[in-house]
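Q:
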Amino acid sequence: MFPTERPRRLRRTPAIRELVRETSLAPSDFIYPLFVRDGRGERRPVASMPGVFQFSPDTVLEEVDRAVARGIKSVLLFGIPAYKDARGSAALDPEGPVPAAVRRIKDRHPELVVMCDLCLCDYTDHGHCGLVTPAGEIDNDSSIDQLAQAAVVFAEAGADVIAPSDMMDGRVGAIRRRLDQNGRVGTLVMSYAAKYASSFYGPFREAAESAPAFGDRRSYQMDPGNAREALREVRLDVEEGADIVMVKPALPYLDVLRRVRDAVDLPVAAYQVSGEYSMIKAAAQRGWLSEPAVVLETLYAIRRAGADLILTYFAVDAAAWLDQA
Ligand code: PBG
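Numbering (the numbering used here), first residue to last: 126 to 450.
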């Protein structure tokens with residue numbers, strides 16, 4: 126018996142395959158994360174993330190130019206401040222690396238969507254994402270006040286989007302209220318809504334110099350075994366006023382991404398995190414995987430699972446590979 130159904134007809138030529146592809150992928154889907162430290166003329170390689178650098182507010186402009194030339198529409202900034210203390214005071218400094226970089230980037234590329242990651246771990250000497258009580262516990266409610274103040278500093282520097290990644294309860298509402306009170310009703314909040322306590326953040330902590338000095342992040346980031354809880358976190362952030370919700374990491378949590386996509390009508394972002402990047406880089410450096418093909422496959426998978434936007438360190442390279450595909 127010959128088959129009556131022949132799905133292979135739809136795979137016959139590259140043009141047919143492209144015509145019927147269910148998922149699209151474009152540079153405008155990508156958000157490019159960048160690390161900015163104090164200083165001038167800096168371009169420090171991050172050893173565990175080949176191709177990723179810590180820039181200063183002047184040199185980051187060159188990297189942003191490169192991204193814009195490739196069709197990238199958005200960047201996300203992380204700060205590495207000159208000083209750290211228990212309260213993460215440097216996060217409130219309008220002359221800090223992130224506000225300085227935002228002003229320069231917006232000056233040169235007013236149309237680019239500039240996002241600021243908002244967390245205390247890069248700014249605190251203990252490296253936790255919230256403030257810590259003398260007993261060594263995370264002080265949720267004073268943390269969200271500190272975060273809300275920093276959000277206003279970033280917004281006043283010109284950030285289009287504030288992206289809280291701390292996972293404190295109630296921070297989206299606190300940030301939204303504080304932005305509104307300060308006349309920043311147009312500033313968006315993209316919440317790291319379902320952020321897992323993941324070991325895939327290892328290389329990032331070298332890049333951002335933000336590893337916790339004691340303990341771990343499991344009292345605020347989510348347990349990898351939970352998916353229903355992600356829906357609860359997302360619901361709360363939506364109720365508190367988030368404009369975009371994020372799932373993080375991406376590839377190991379595609380099931381969560383799909384469930385979040387089906388549960389909300391807001392844009393959904395996924396973060397392909399540092400460990401996801403470094404694994405592919407390491408295998409590619411050994412000749413074990415073809416980097417362009419594997420990267421585009423992962424990005425299609427993340428889009429297929431439901432992400433509208435993808436934060437990825439591959440953004441600029443992936444845009445170039447899409448051009449060649
Ligand atoms: C800060 C923050 C982290 C990441 C984004 N924001 C690290 C962490 O929570 O420890 C991870 C990003 C990555 O691994 O690429 N809270």
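All C-beta atoms in this analysis are idealised placements derived from N, C-alpha and C, irrespective of residue type, glycine included.
All figures in this text were calculated on a predicted structure; none of them were measured in a lab.
DSSP three-state label for Ala299, please.
A: The answer is helix: DSSP assigns Ala299 an H, G or I state.
Q: Classify Phe339: buried if its beta carbon has 16 or more other beta carbons within 10 angstroms, exposed otherwise.
A: Looking at its Cβ environment, which holds fewer than 16 other Cβ atoms inside 10 Å, Phe339 is exposed.
Q: Excluding the 5 residues flanking Gln274 on each side, which residues of the same chain have their C-beta closer than 6 Å to its C-beta?
A: Once the five neighbours on either side are set aside, the close Cβ partners of Gln274 are Leu217.
Q: Just reading off the beta strand (DSSP E) that Leu379 is part of, what are its end residues?
A: Counting along the chain, Leu379 falls outside any beta strand (DSSP E), though it belongs to the alpha helix (DSSP H) covering Leu379 to Ala388.
Q: How is the beta strand (DSSP E) around Ala318 delimited, first residue to last?
A: Element bounds for Ala318: Leu313 to Lys320.
Q: Which value, in whole angstroms, describes the spacing of the CA atoms of Ala225 and Gly176?
A: Using only the alpha carbons, I get a separation of about 23 Å.
Q: Does the stretch 186 to 196 come close enough to the stretch 226 to 238 that 3 or more CB-CB pairs lie under 8 Å?
A: Yes, since at least three Cβ pairs between the stretch 226 to 238 and the stretch 186 to 196 fall closer than 8 Å, the two stretches touch.
Q: Is Arg296 near the ligand PBG, judged by its Cβ being under 7 Å from some heavy atom?
A: Not under cutoff, so the answer is no.
Q: Using a Cβ-Cβ cutoff of less than 6 Å, which residues in the same chain neighbour Arg142 once the five nearest sequence positions on both sides are dropped?
A: Closer than 6 Å at the Cβ level, and outside the excluded window around Arg142, lie Arg136.
Q: Arg303 and Val278: beta carbons closer than 8 Å?
A: Taking 8 Å as the Cβ cut-off, Arg303 and Val278 do not qualify as a contacting pair.
Q: List the endpoints of the continuous beta strand (DSSP E) containing Pro170.
A: Taken as a continuous stretch (DSSP letters only), the beta strand (DSSP E) holding Pro170 covers Arg168 to Pro170.
Q: Does the Cβ of Arg142 lie closer than 7 Å to at least one heavy atom of the ligand PBG?
A: No, since every heavy atom of the ligand PBG falls outside the 7 Å radius drawn around the Cβ of Arg142.
Q: Roughly how far, in whole angstroms, is the beta-carbon of Glu211 from the beta-carbon of Thr249, given that I think they are within contact range, below 8 Å?
A: With the sequence shown as reference, residue 211 is identified as Ala, and Glu is not the correct amino acid for it. With 8 Å as the limit, Ala211 and Thr249 qualify as a contact, their Cβ atoms being about 6 Å apart.
Q: Return the CA-CA distance between Asp362 and Leu391, expressed in angstroms with no decimal places.
A: Going by the C-alpha atoms only, they are around 11 Å apart.
Q: For the 8 Å Cβ check, are there 3 or more pairs between the stretch 312 to 332 and the stretch 257 to 275?
A: No, they do not touch.
Q: Say yes only if the C-beta of Phe439 is nearer than 7 Å to one or more non-hydrogen atoms of the ligand PBG, and no if none qualify.
A: Incorrect: Phe439 has no Cβ contact closer than 7 Å to the ligand PBG.
Q: Among all the DSSP beta bridges, which residues are the ones paired with Met293?
A: None; Met293 has no bridge partner.
Q: Could you check whether the Cβ of Val398 sits closer than 7 Å to any heavy atom belonging to the ligand PBG?
A: It does: the Cβ of Val398 is within 7 Å (strictly closer) of some heavy atom of the ligand PBG.
Q: Just the C-alpha distance for Ile182 and Arg296, rounded to the nearest angstrom, thanks.
A: With the sequence shown as reference, residue 182 is identified as Pro, and Ile is not the correct amino acid for it. Whole-angstrom Cα-Cα distance: 28 Å.
Q: Just checking my contact of Gln397 with Thr423 at CB under 8 Å: how many whole Å lie between their CB atoms?
A: Confirmed, Cβ separation roughly 7 Å.
Q: Looking at the structure shown, is Arg134 part of a helix, part of a strand, or coil, going by DSSP?
A: Note: Arg134 maps to helix in three-state DSSP.
Q: If I'm right that Val286 touches Ala318 with Cβ under 8 Å, what's the distance once you round it to whole angstroms?
A: In fact, because the Cβ distance is near 14 Å, the residues do not count as touching under 8 Å.
Q: Taking 8 Å as the cut-off, decide whether the C-beta atoms of Leu256 and Leu243 are in contact.
A: The answer is no: Cβ separation not under 8 Å.
Q: For Leu376 and Ala426, which I take to be in contact (beta-carbon distance under 8 Å), what is that distance rounded to the nearest angstrom?
A: Sure, about 7 Å apart at Cβ, within 8 Å.
Q: For Glu220, I'd like the list of residues in its chain whose CB is within less than 7 Å of its CB, leaving aside the five on either flank, ordered along the chain.
A: Around Glu220: no qualifying Cβ.
Q: Ala336: which of Gly164, Ile205, Ser199 and Val161 sits nearest, CA to CA?
A: Closest by alpha carbon: Ile205.
Q: Label Gln410 either buried or exposed according to how many other C-beta atoms from any shown protein chain fall within 10 Å of its C-beta, with 16 as the threshold for buried.
A: Gln410 comes out exposed.
Q: Verify the contact flag: Arg330, CB atom, against every heavy atom of the ligand PBG, threshold strictly below 7 Å.
A: Yes - the ligand PBG has a heavy atom lying nearer than 7 Å to the Cβ of Arg330.
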